[in-house]
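> Residue 361 is where the sequence shown ends in the working numbering, and the numbering goes up by one at each step.
For each residue, glycine too, the CB sits at the ideal point set by N, CA and C.
Before I ask anything, let me first share the structure, which is written out below as structure tokens.
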Amino acid sequence: MSFRQTTLALYGDAGRTWLNALPSLLTRYAQEWDLTLEAPFENLSYNYAAPARRADGSDAVIKVGFPNDELRTEIAALRHFDGPGMVRLLEADEGNCAMLLERIFPGETLWDVDDEQATALLLNVMPQLWKPYLGEYPFPSTVDWARGFARLRKRYGDGTGSLDRYLVEKAENLFFDLLASSEEPVLLHGDLHHDNVLSTYDSARRATTRRSSLITEKTASSQKHAPRRIVLAIDPKGVLGEPCYDVGAFLRNPLPALLQKENPRGLMQRRVDMIVERLGFDRQRVVGWGFAQAVLSAIWCDEDGVDGAQRTMKVAEIFQSIQ
Numbered sequence: 039m040s041f042r043q044t045t046l047a048l049y050g051d052a053g054r055t056w057l058n059a060l061p062s063l064l065t066r067y068a069q070e071w072d073l074t075l076e077a078p079f080e081n082l083s084y085n086y087a088a089p090a091r092r093a094d095g096s097d098a099v100i101k102v103g104f105p106n107d108e109l110r111t112e113i114a115a116l117r118h119f120d121g122p123g124m125v126r127l128l129e130a131d132e133g134n135c136a137m138l139l140e141r142i143f144p145g146e147t148l149w150d151v152d153d154e155q156a157t158a159l160l161l162n163v164m165p166q167l168w169k170p171y172l173g174e175y176p177f178p179s180t181v182d183w184a185r186g187f188a189r190l191r192k193r194y195g196d197g198t199g200s201l202d203r204y205l206v207e208k209a210e211n212l213f214f215d216l217l218a219s220s221e222e223p224v225l226l227h228g229d230l231h232h233d234n235v236l237s238t239y240d241s242a243r244r245a246t247t248r249r250s251s252l253i254t255e256k257t258a259s260s261q262k263h264a265p266r267r268i269v270l271a272i273d274p275k276g277v278l279g280e281p282c283y284d285v286g287a288f289l290r291n292p293l294p295a296l297l298q299k300e301n302p303r304g305l306m307q308r309r310v311d312m313i314v315e316r317l318g319f320d321r322q323r324v325v326g327w328g329f330a331q332a333v334l335s336a337i338w339c340d341e342d343g344v345d346g347a348q349r350t351m352k353v354a355e356i357f358q359s360i361q
């Protein structure tokens with residue numbers, strides 16, 4: 039569905055009113071934040087996003103969505119994560135769920151990157167984000183997210199709709215078992231997969247920092263070294279949970295491309311091996327979270343009325359054969 043269709047499907051008449059007001063809202067932020075706005079990015083889904091140029095000549099991205107708690111949580115998460123590994127929040131208006139973000143160049147996703155390299159890049163950025171929660175915002179927790187299982191049964195009169203009942207019940211039981219034995223929670227990204235990290239080079243990011251901070255050329259020259267490819271996370275959900283939970287989203291993505299691979303099970307097994315080796319997580323917890331979250335993701339697809347539930351359930355089936 040297009041951005042407009044998605045907004046109307048989710049929010050009805052209120053969404054239509056918001057879409058009609060969006061041009062004037064963009065004009066307001068162009069004035070308040072001193073921006074020159076460009077045409078929006080292609081393939082918008084849930085939120086409006088467009089390139090922008092700031093008064094100092096630096097590039098940015100404006101992102102605006104229908105006002106909702108999820109976007110307000112994203113703004114709070116961006117403030118919490120401020121630093122290495124995460125796109126920078128430059129301006130924000132929580133009331134209207136509008137934000138101005140640094141623009142990442144070249145900004146490519148990990149879709150077309152060799153899977154082992156993509157996994158290595160993701161595993162490098164994850165620990166940079168896991169900081170202690172200081173109580174600065176009422177973030178949801180993985181316990182809150184687990185309520186999706188109960189909502190599914192309520193929606194279908196104690197059934198599971200088109201989703202395999204055995205897999206749903208197994209995933210729900212495992213989810214709560216893992217919650218009961220979880221480590222101390224930290225703030226997680228919550229949706230860290232191949233589309234939610236963008237590639238850049240550390241030299242490019244230092245240049246942006248120097249420009250915005252007005253560091254002298256003499257200081258800049260002392261920091262020169264060969265550029266190194268890095269990735270920065272975008273679109274954080276902001277959820278409290280144990281660090282191992284955060285590997286679930288990338289294990290089941292990208293879809294449908296993952297299921298079209300010659301050997302998706304072998305690919306997922308290699309990812310699990312790399313996670314265990316590099317992050318030191320318990321193998322059973324990694325596989326368990328991968329399975330349980332795949333089913334929960336299918337439940338969310340069903341709940342939102344969007345495609346993808348059955349594909350994600352196929353990934354859950356594969357997890358059952360991974361050691």
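Curious, which full-length beta strand (DSSP E) runs of at least 3 residues does the stretch 257-335 contain?
Listed in chain order, the complete beta strand (DSSP E) runs (minimum 3 residues) inside the stretch 257-335 are 267-271 and 277-279.
> Could you tell me if Y204 is buried or exposed, where buried requires 16 or more neighbouring beta carbons within 10 angstroms of its beta carbon?
Taking the sequence shown and counting its residues from 1, the one referred to as residue 204 is at position 166. That one is exposed.
> Name the DSSP beta bridge partners of P89, please?
For the purposes of this step, residue 89 is taken as the residue at position 51 of the sequence shown. Bridge partners of P89: V99.
> Beta-carbon within less than 8 angstroms of G50's beta-carbon, same chain only, minus the 5 sequence neighbours each way: which residues are those?
On the sequence shown, position 12 is the one that residue 50 refers to. Nothing listed; no residue qualifies.
> Alpha carbon to alpha carbon, how far is A115 from G121? Give it in angstroms, no decimals.
As a first step, residue 121 is located in the sequence shown; it is residue number 83 there, counting from the start. As a first step, residue 115 is located in the sequence shown; it is residue number 77 there, counting from the start. About 12 angstroms.
> Relative to the C-alpha of W56, which residue among F329, A287 and Y86 is closest?
Along the sequence shown, one-based indexing puts residue 56 at 18. Minimum Cα distance to W56 is reached at Y86.
> With burial defined as no fewer than 16 other Cβ atoms inside 10 Å of the residue's Cβ, what is the status of L119: buried or exposed?
Here residue 119 corresponds to residue number 81 of the sequence shown, with the count starting at 1. With the sequence shown as reference, residue 119 is identified as Phe, and Leu is not the correct amino acid for it. Buried, by the Cβ-count rule.
> For the beta strand (DSSP E) holding S237, just list the boundary residues, first then last.
Translated into the one-based positions of the sequence shown, residue 237 becomes position 199. First-last of the beta strand (DSSP E) with S237: V235 to Y239.
> Indicate the three-state DSSP secondary structure (helix, strand or coil) for F143 in the structure shown.
One-based indexing of the sequence shown puts residue 143 at position 105. Looking at F143 - three-state DSSP - the assignment turns out to be coil, as it is neither helix nor strand.
> What does a CB cutoff of less than 8 angstroms around S40 pick up in its chain, not counting 5 residues either side in sequence?
Within the sequence shown, the letter at position 2 stands for residue 40. L82, listed in sequence order.
> Using 8 angstroms as the threshold, is the C-beta distance between L139 and V102 below it?
Here residue 139 corresponds to residue number 101 of the sequence shown, with the count starting at 1. Here residue 102 corresponds to residue number 64 of the sequence shown, with the count starting at 1. No, they are not a contact pair.
> Could you tell me which of D342, R303 and R316 sits nearest to S359, measuring between CA atoms?
Translated into the one-based positions of the sequence shown, residue 359 becomes position 321. Of the listed residues, the one whose Cα sits closest to S359 is R303.
> Buried or exposed, going by whether 16 or more other CB atoms sit within 10 Å of the CB of L128?
The residue labelled residue 128 in the question sits at position 90 within the sequence shown. L128 should be labelled buried.
> Please look up how many angstroms separate the CB atoms of L278 and R309, rounded, as I've assumed it's under 8 angstroms.
For the purposes of this step, residue 278 is taken as residue 240 along the sequence shown, with counting starting at 1. For the purposes of this step, residue 309 is taken as residue 271 along the sequence shown, with counting starting at 1. Contact flag wrong, Cβ pair sits at about 24 angstroms.
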